[in-house]
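Counting along the sequence shown from 1, when you hit position 50 you're at 50 in UniProt numbering, and nothing is skipped either side.
Notes for the one structure printed next.
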Amino acid sequence: MPFATQPRHEEARVVTEERPELLLFCGLCGLLGNIAPLVLMAFATEVAQHDFVSDTVSDLARGPHKWIMDLGFYLNAGGLLALAIAAAHIHLGRMAWSLGIICLSLLALVVVLLGLWDEFHNSAVGPADWTIHTRLTLLLGPLYLAGPLLMAGGIEGVRRSYAVLFVASAVLWIVLATVFKLSPTAYDGIIEKIAIGATLLWTIPLSLFFLGRGWEKSHRLRTAEG
Numbered sequence: 001m002p003f004a005t006q007p008r009h010e011e012a013r014v015v016t017e018e019r020p021e022l023l024l025f026c027g028l029c030g031l032l033g034n035i036a037p038l039v040l041m042a043f044a045t046e047v048a049q050h051d052f053v054s055d056t057v058s059d060l061a062r063g064p065h066k067w068i069m070d071l072g073f074y075l076n077a078g079g080l081l082a083l084a085i086a087a088a089h090i091h092l093g094r095m096a097w098s099l100g101i102i103c104l105s106l107l108a109l110v111v112v113l114l115g116l117w118d119e120f121h122n123s124a125v126g127p128a129d130w131t132i133h134t135r136l137t138l139l140l141g142p143l144y145l146a147g148p149l150l151m152a153g154g155i156e157g158v159r160r161s162y163a164v165l166f167v168a169s170a171v172l173w174i175v176l177a178t179v180f181k182l183s184p185t186a187y188d189g190i191i192e193k194i195a196i197g198a199t200l201l202w203t204i205p206l207s208l209f210f211l212g213r214g215w216e217k218s219h220r221l222r223t224a225e226g
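Next comes the structure, spelled out in structure tokens:
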């Protein structure tokens with residue numbers, strides 16, 4: 001039977017039913033995907049004997065120990081994709097929330113490409129310092145700015161404090177990302193890491209929201225079945 005001819009109650013059930021196991025899984029993946037790269041970053045800094053203040057994340061992803069930071073890229077991308085899936089499943093807004101989901105999905109794609117393209121970091125099209133890797137990093141700026149701003153309105157209806165964190169994440173990110181681009185190489189690494197930390201004000205609360213929502217729905221289902 002075509003979807004258009006299904007009874008109205010069946011159509012509503014398909015659209016509105018939330019699956020707690022999906023929310024729990026995506027929330028956990030989102031949380032791990034944003035915390036694990038930080039641990040790997042610290043580990044790579046120690047193993048490769050990089051300077052935490054002057055060396056950037058891209059510096060950590062090159063050389064004989066690059067697999068450590070590359071793994072961080074892939075885990076982060078998986079976490080971002082999981083958040084996009086959960087956000088689509090539990091849609092909290094209209095067009096703005098949908099655009100936020102697209103931002104999360106594009107971020108996952110860009111982060112994967114950053115991990116893969118470090119293998120070819122010296123491949124440039126044009127000036128020697130204008131590599132494909134560098135061009136990919138420029139996409140992070142607007143995506144990490146737009147994503148939390150677009151989703152702030154939807155999350156505000158559930159938890160106002162999260163909306164404040166989303167906006168703070170966007171503002172801090174764009175300010176710090178701009179400072180990073182303008183700062184000397186002697187300490188641009190630490191500024192980049194602080195900017196990355198600002199993005200967690202969006203992704204970690206979003207992960208916790210999905211985890212909490214999944215746990216609540218799971219508890220309700222167990223109570224109803226009991």
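From the three backbone atoms N, C-alpha and C, an ideal C-beta is built for every residue, glycine too.
- Its Cα nearest to that of V171, the residue L150 stands out among L150, E156, L32 and L116.
- Classified as buried, H50 has 16 or more neighbouring CB atoms from the shown chains inside 10 Å of its CB.
- Under the three-state reduction of DSSP output, T137 falls in the helix class.
- Judged by beta-carbon spacing, A86 lies within the 9 Å limit of L22, meaning their Cβ atoms are closer than that value.
- Annotation: D51 is outside any alpha helix (DSSP H) and is labelled neither H nor E by DSSP.
- Distance from the CA atom of L80 to the CA atom of P142, rounded to whole angstroms, is 16 Å.
- Comparing alpha carbon positions, the residue from L138, C29, I90 and W202 closest to A168 is W202.
- Non-local beta-carbon contacts of G157 in its own chain, meaning distances under 8 Å to residues more than five positions away in sequence, involve L92 in chain order.
- Within 10 angstroms of the beta-carbon of W67 lie fewer than 16 other beta-carbons, which makes it exposed.
- The residues D70, F73 and Y74, in chain order, have a CB closer than 6 Å to that of G115 in the same chain once the five nearest residues on each side in sequence are set aside.
- Residue environment: R213 is assigned as buried (16 or more neighbouring CB atoms within 10 Å of its CB, all protein chains considered).
- Contact annotation: I101 and W117 have beta-carbon atoms that are not nearer than 9 Å.
- Annotation: T199 to K193 spans about 10 Å, alpha carbon to alpha carbon.
- Non-local beta-carbon contacts of L104 in its own chain, meaning distances under 8 Å to residues more than five positions away in sequence, involve L80, L81, L83, A84, A87 and G147 in chain order.
- Spatial neighbours of G63 in its own chain (CB-CB distance under 7 Å, excluding positions within 5 residues in sequence) are listed in chain order as A48.
- By the neighbour-count definition (other C-beta atoms within 10 Å, threshold 16), V110 is a buried residue.
- H89 has its alpha-carbon roughly 15 Å from the corresponding atom of M95.
- Going by DSSP, R94 is part of no alpha helix (DSSP H) at all; its letter is neither H nor E.
- Residue state for T185 is assigned as coil, using DSSP reduced to three classes.
- Of the candidates G197, R19, F209 and L140, G197 places its Cα closest to the Cα of I35.
- DSSP places E192 within a helical segment (H, G or I) once states are collapsed to three.
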